[in-house]
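Protein chains in written order, with this note's numbering: chain A, 187 to 272; chain E, 187 to 272; chain L, 187 to 272; chain B, 187 to 272; chain D, 187 to 272; chain C, 187 to 272; chain G, 187 to 272.
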């Protein structure tokens, strides 16, 4: 991966959400849907130093946006869209 | 629990509010309804250092949102939604 | 009292305002109505270090909100809702 | 005077504005009406250290509000409502 | 002059703008009209330390407001309304 | 190149996006379109010190604006419009 | 030149834009029109220390405003309206 995150951006590779496609999960109305993704790059201005490459970020399913650079696709999140880390 | 809170998020396990279900409590119009929850993870950017794991957070009943990560359900609060600590 | 204030919250026990019930006070139109309350807990992020337990806070009568935690009722004020101290 | 100012509040005793009652002053349309008041308490968060007890504050006539605490009436101004000092 | 400026206020004595009264100046549509005034007092919170008593401030003609204190009239400007200094 | 970036601006030379003209790329609805550009000047107030001349900036295709100075054309981006670096 | 810039203002003498009058330039729709001007004074609160007298500032053609002080005309820009320096 040649591109690195700038500013307070965090790049992640979203996990495929197979369970949704299989239709086996009945979403809980009271829950906000989240997604997980492997962190591949962390901008220099990110303040929470626990946000590091190789960890898994948990974020609101609808937060951020996808981009493609030189054929590599990944998801871009601002630091404060990250709810938790695994 | 494998997931930890990022940024200024605080993860809590909400207490079940049995009294409401039993219908025995007549809510006081003058009071804002609150909920309690055991703190299970505190983000690195939380500024009030009294907000710590194993304490109980008191918060507005309608503040924050629930998420489920790897089958574990918990409630996510921004630091400043926490009113008090027990 | 087991619950302590978080962040920039201040917990007070409001004084009962008997004079209003007795109907003896003719409110002055030019004055903003205030209430007093004994400070019982001060959040760690409160900046005015004169806001301390056992002092009496003076605040706008309509500022803040009441909560009840484990049967104890008190009033919650953000630091900057406190006008004066006695 | 037992009550002291909290935060960035300044307590003043407004000067009585006799000249207005006597009807002798023709207000100048181009001027903003001001009032003066003796400073009786200065909150700890007031930044301009020239704002001190016993000085006279000059402020916009319509700025701030009056309160009464234990029978003592005074006027409450946020620091930045004070235009000048005498 | 007994009154001094508080906070980030600057007190000036506006120059009389005779040229306007004489009708000799044709205003340039492309220019913002300015006024000049001798600085008589500078608040302690003014950050540009070049703004000093006895200098002349240049400001937007419509910025600030006039007040009269103990019979002395002057013009009040917030620091950032001052465009230049002579 | 004689002109340098001021403040938090970053000057880039946009890459020509040939692939779009050739019509061979079917845009992915889920992706935000980006553009790349060689960084030619970085303002002194840019905080992410990884944003340096000779690197390639990745940015939202619609961010910033083009200017021409002495016949040289380039694209101007505020620091926080830069998503990543190559 | 006797007047100096206050605060975060920058004074420039705009270059005459002859090329526009001659009608020889066909404006590029994709470009934001800019103007250049010799910097004659820099306010003390300007943060980019590369913005100095005798350099040429590049700015959005419609940014700032013209003033005339003691018969000298110049253009006033806030620091962050300056895009680049020559």
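Cβ coordinates follow ideal geometry from the N, Cα and C atoms, glycine included.
Test: residue i CB closer than 8 Å to a CB of chain L
i	result
residue 256(E)	no
residue 249(B)	no
residue 262(B)	yes
Opening and closing residue of the beta strand (DSSP E) in which residue i lies
i	result
residue 263(L)	258–264
residue 224(B)	220–228
residue 271(E)	268–271
residue 255(E)	251–255
residue 196(A)	195–200
residue 244(E)	242–246
Chain C within 8 Å of residue i, Cβ atoms only
i	result
residue 266(G)	yes
residue 189(A)	yes
residue 240(G)	no
Inter-residue spacing [alpha-carbon to alpha-carbon] between residue i and residue j
i	j	result
residue 262(C)	residue 223(C)	10 Å
residue 264(C)	residue 244(A)	29 Å
residue 230(D)	residue 230(B)	17 Å
residue 270(A)	residue 270(C)	22 Å
residue 240(C)	residue 239(G)	28 Å
residue 227(C)	residue 189(G)	32 Å
residue 193(G)	residue 225(L)	43 Å
residue 260(L)	residue 260(B)	28 Å
residue 242(A)	residue 191(B)	49 Å
residue 249(G)	residue 267(G)	7 Å
residue 246(L)	residue 221(E)	26 Å
Buried versus exposed call for residue i [16 or more other C-beta atoms within 10 Å across all chains shown]
i	result
residue 272(B)	exposed
residue 207(A)	Per-residue confidence for residue 207(A) stands at a pLDDT of 43, beneath the threshold of 50, marking its modelled position as unreliable; no derived number is given.
residue 209(G)	Low local confidence applies: a pLDDT of 46 at residue 209(G) is under 50, so the model's placement there is unreliable, with the coordinate-based value given in what follows. Exposed.
Any chain D beta carbon closer than 8 Å to residue i
i	result
residue 218(G)	no
residue 244(B)	yes
Cβ of residue i within 8 Å of any chain E Cβ
i	result
residue 253(L)	yes
residue 235(A)	yes
residue 270(A)	yes
residue 198(L)	no
Min CB distance residue i to chain B below 8 Å
i	result
residue 228(L)	no
residue 195(D)	yes
Within-8 Å CB hit, residue i to chain G
i	result
residue 224(C)	no
Segment contact flag, the segment 230–238 of chain E with the segment 250–259 of chain E, C-beta cutoff 8 Å, min 3 pairs | Cβ pair count under 8 Å is below three, so no.
Is the segment 217–225 of chain E close to the segment 241–253 of chain L, with three or more CB pairs under 8 Å?
-> yes
Taking three-plus beta-carbon pairs below 8 Å as touching, is the segment 188–200 of chain C in contact with the segment 194–203 of chain G?
-> no
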